[in-house]
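Chains as they are written, first to last, in the working numbering: chain C, 1 to 115; chain W, 116 to 234. Heads up, the thing below is written out as structure tokens.
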Amino acid sequence: GAVVSQHPSRVICKSGTSVKIECRSLDFQATTMFWYRQFPKQSLMLMATSNEGSKATYEQGVEKDKFLINHASLTLSTLTVTSAHPEDSSFYICSASPAYRASQYFGPGTRLLVL
Amino acid sequence: AQKVTQAQTEISVVEKEDVTLDCVYETRDTTYYLFWYKQPPSGELVFLIRRNSFDEQNEISGRYSWNFQKSTSSFNFTITASQVVDSAVYFCALSGANAGGTSYGKLTFGQGTILTVHP
């Protein structure tokens with residue numbers, strides 16, 4: 001149990017386009033999901049907290065107008081990178097947890113390459 | 116603010132050697148959770164262990180063991196008789212929790228330690 005999926009696993013796009021990444025909890029409901037970003041050879045940094053039915057909470061330095069988060073249901077959160085640029089190329093990972101568990105369950109990640 | 120420090124950027128050992136990965140943390144929360152994750156080249160995070168701040172018992176799982184020392188704010192990870200398949204990046208992470216023990220969910224990660232085990 002407690003499986004989190006992400007789609008797509010890998011995406012290549014041209015600079016200026018928008019890319020949507022989905023994070024799904026497959027066998028549990030999650031009122032909160034988290035989005036992390038990992039640049040090559042670096043650690044994971046929390047970008048934002050996705051809250052079902054309300055606005056996301058962004059970490060300092062993360063542009064909310066660039067990284068749009070929608071958590072429309074208890075099993076799905078989406079991260080849209082708007083007008084992507086090469087510097088947005090990174091590994092994006094989401095996590096979620098059933099309400100009764102202390103551990104976060106991570107998706108397999110999405111590699112974004114912006115040309 | 117929370118902080119996790121993994122001072123060892125890279126470690127290289129020969130197969131069958133024991134290796135310890137260090138992790139030191141800072142938090143103002145009285146209740147918190149500590150984690151270790153393994154990240155192989157595929158990128159997917161593999162959960163290894165979770166420890167809550169009230170449980171200072173050391174834990175052993177096969178070749179893996181963890182030493183939680185609250186007095187020194189450390190949560191070190193030892194791999195005994197390392198194998199080539201242990202080669203990966205290892206992350207230590209921390210999440211705060213409320214007084215009731217409910218985790219806030221979001222994790223603060225250390226910088227990671229790249230472990231290379233040579234045959």
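The beta carbon of each residue, even a glycine, is placed where N, CA and C say it ideally should be.
Per DSSP, cross-strand counterpart(s) of residue i
i         : result
W/Leu-149 : W/Arg-166 and W/Leu-209
W/Ser-180 : W/Ile-175 and W/Thr-193
C/Gln-38  : C/Leu-44 and C/Phe-91
W/Val-128 : W/Val-232
C/Cys-13  : C/Val-114
C/Leu-76  : C/Arg-24 and C/Ser-73
C/Ala-96  : C/Met-33 and C/Tyr-105
W/Thr-223 : W/Leu-209
Per-residue burial, residue i [other beta carbons within 10 Å of its own, 16 or more giving buried]
i         : result
C/Ile-12  : exposed
C/Val-19  : buried
W/His-233 : exposed
W/Asp-201 : buried
C/Arg-37  : buried
W/Gln-198 : exposed
W/Gly-94  : Any question about residue 94 of chain W goes unanswered here, given that chain W covers just 116 to 234.
W/Gly-225 : buried
C/Thr-49  : buried
W/Thr-228 : buried
W/Ile-175 : exposed
Within chain C, the residues that residue i reaches when beta carbons sit closer than 8 Å
i         : result
W/Arg-165 : Ala-102 and Ser-103
Neighbour list for residue i in chain W, Cβ cutoff strictly below 7 Å
i         : result
C/Pro-108 : Glu-159
C/Ser-89  : Those do not exist, as C/Ser-89 stays about 14 Å from chain W at its closest Cβ, beyond 7 Å.
Beta-carbon separation (whole angstroms), residue i vs residue j, contact threshold 8 Å
i         : j        : result
W/Lys-158 : C/Phe-67 : Going by the sequence as given, residue 158 of chain W is Gly instead of Lys. Between C/Phe-67 and W/Gly-158 the Cβ distance is about 19 Å, and since that is not below 8 Å, they are no contact.
C/Ser-95  : C/Met-33 : 7 Å
C/Ala-2   : C/Leu-74 : The Cβ separation is near 14 Å, so there is no contact.
Partner residues on chain W for residue i, Cβ-Cβ distance less than 9 Å
i        : result
C/Ile-93 : Gly-158, Glu-159 and Leu-160
C/Ser-5  : Residues of chain W passing the Cβ test: none, with the nearest at roughly 11 Å.
C/Leu-46 : Lys-221, Leu-222, Thr-223 and Phe-224
Per-residue contacts from residue i into chain C (C-beta, under 7 Å)
i         : result
W/Tyr-148 : Ala-102
W/Ser-220 : According to the sequence displayed, residue 220 of chain W carries Gly and not Ser. Those within 7 Å of W/Gly-220 in chain C are Thr-32, Phe-34, Ser-97 and Gln-104.
Chain W residues whose Cβ lies nearer than 8 Å to that of residue i
i        : result
C/Ser-43 : Phe-206, Phe-224, Gly-225, Gln-226 and Gly-227
C/Leu-76 : Ordered by position in chain W, no residue passes the 8 Å Cβ test against C/Leu-76, which lies about 17 Å from the chain.
| task | Take every Cβ of the region 131–138 of chain W, pair it with every Cβ of the region 78–91 of chain C, and state whether three or more of those distances are shorter than 8 Å. | result | For the pair of segments examined, the region 131–138 of chain W was found not to touch the region 78–91 of chain C: the number of CB pairs separated by less than 8 Å stays below three.
| said: Assess contact between the region 103–111 of chain C and the region 119–126 of chain W, defined as three or more Cβ pairs (one per stretch) separated by less than 8 Å. Is contact present? | reply: When Cβ pairs closer than 8 Å are counted between the two stretches, the region 103–111 of chain C is seen not to touch the region 119–126 of chain W, the count staying below three.
| said: With a threshold of 8 Å, are at least 3 pairs of Cβ atoms found where one atom belongs to the region 131–150 of chain W and the other to the region 210–223 of chain W? | reply: Yes: the two stretches touch, three or more of their Cβ pairs being nearer than 8 Å.
| request: Taking 8 Å as the threshold, find out whether the region 182–193 of chain W comes into contact with the region 22–41 of chain C through three or more Cβ pairs. | output: Result no; under three Cβ-Cβ pairs closer than 8 Å.
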